[in-house]
Amino acid sequence: MIARILCLCLAFAPFVHAASPSLVIIDAGHGGKDSGGTGHGLVEKSLTLDTARRLQNKLTQAGVRNVMLRTSDVFIDLDDRVAMANRFAQRDAVLVSIHFNAVSSGGPHGTETFFWRPDATALAARIQRNVARATGFTDIAINRRRLRLTRNPNLPAVLVEGAFMTNARDARKLAAPATREAIAEGITRGILEVRRHGETGIRRVPEIRSPLSRPSDPPDGGKRMRITY
Ligand SMILES: [Zn+2]
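Read in order, the letters of the sequence shown are residues 776 to 1004 in this note's numbering.
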């Protein structure tokens, strides 16, 4: 009986997939001893947790099931985050990791979204577009990059870099709770768009065979490919 149910599920997989994602795994970047980046008095681990909580509220209000990988100021290793996310891999889940950029120069500004798997292209593009629209931050691009949180999970995963804490204008906006609320709203709209429209109108990137991303990888994650959408 179990085998028959399994077969039916596989046979109807394309139809089941149309309503995806049915579960959103929310990852607030950094935490605990790992503060992440800083800039203009902002600390990344606090901004990510605040934005993640707002995202959780909005998804719940929209009727989208969700789970947070951290709900307080604790350190979780990246590989442990991947392992936690993978527990939901069979449940039509996606992973959304929230981060904020910090670089040595004050020039770079705006929103960018990273992904690796071809089946995360639409999620990345729709989130990126909606976050930029909702916040007014510069729409940099979606970037295909082999990161531990984009390459290693066995499910579609995106990493949103909401804005640059090291840019004075971005930082000033980020300091306002309304801006973090707008980021959460943009991510929610992107996810709802994926549920409604899937990959329609989005060019899927090709599959690339590559090893899992490791802690010893260069900090810039190797080759970065900017994708227009
Ligand atoms: Zn980060």
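Using N, Cα and C, we set each Cβ at its ideal position, and we do this for glycine too.
A straight-line Cα-Cα distance of about 10 Å links V935 and N876. Here S991 is not near R921, since their CB atoms are 8 Å or more apart. Judged by DSSP in its simplified three-state form, V869 adopts strand. The region 885 to 905 makes contact with the region 958 to 966; the number of CB pairs closer than 8 Å reaches 3 or more. Counting of Cβ neighbours within 10 angstroms places H805 among the buried residues, the total reaching 16 or more. Q831 sits buried, since 16 or more C-beta atoms from the chains shown fall within 10 Å of its C-beta.
Secondary-structure assignment with DSSP links M843 through a beta bridge to I801. For H874, the number of other beta carbons within 10 angstroms of its own is at least 16, and it is reported as buried. In the three-state scheme derived from DSSP, where H, G and I count as helix and E and B as strand, T954 is classed as helix.
Within the same chain, Cβ atoms closer than 7 Å to the Cβ of R926 are found at W891, S985, L987 and S988, the five residues on either side in sequence being excluded. At least one heavy atom of ligand 1 sits closer than 7 Å to the Cβ of H805.
Per DSSP, the continuous alpha helix (DSSP H) segment holding N861 begins and ends at L853 to N861. For D945, no beta strand (DSSP E) run applies; the uninterrupted alpha helix (DSSP H) run containing it begins and ends at A943 to L949, by DSSP. The C-alpha of T1003 is placed about 9 Å away from the C-alpha of R978. Note on the region 902 to 948: whole alpha helix (DSSP H) runs with a minimum of 4 residues are 923 to 926, in chain order. Where R829 is concerned, the enclosing alpha helix (DSSP H) starts and stops at E819 to Q836. The beta carbon of S880 lies closer than 8 Å to those of T941 in the same chain, with the five residues before and after it left out.
By alpha-carbon distance to G838, the top candidate from D854, L898, P796 and A909 is P796. Short note on E819: C-beta closer than 7 Å to some heavy atom of ligand 1.
Taking one beta carbon from each stretch, the region 840 to 852 and the region 798 to 816 have 3 or more pairs nearer than 8 Å; the two touch. For the pair A868 and L798, the CB atoms are nearer than the 8 Å cut-off.
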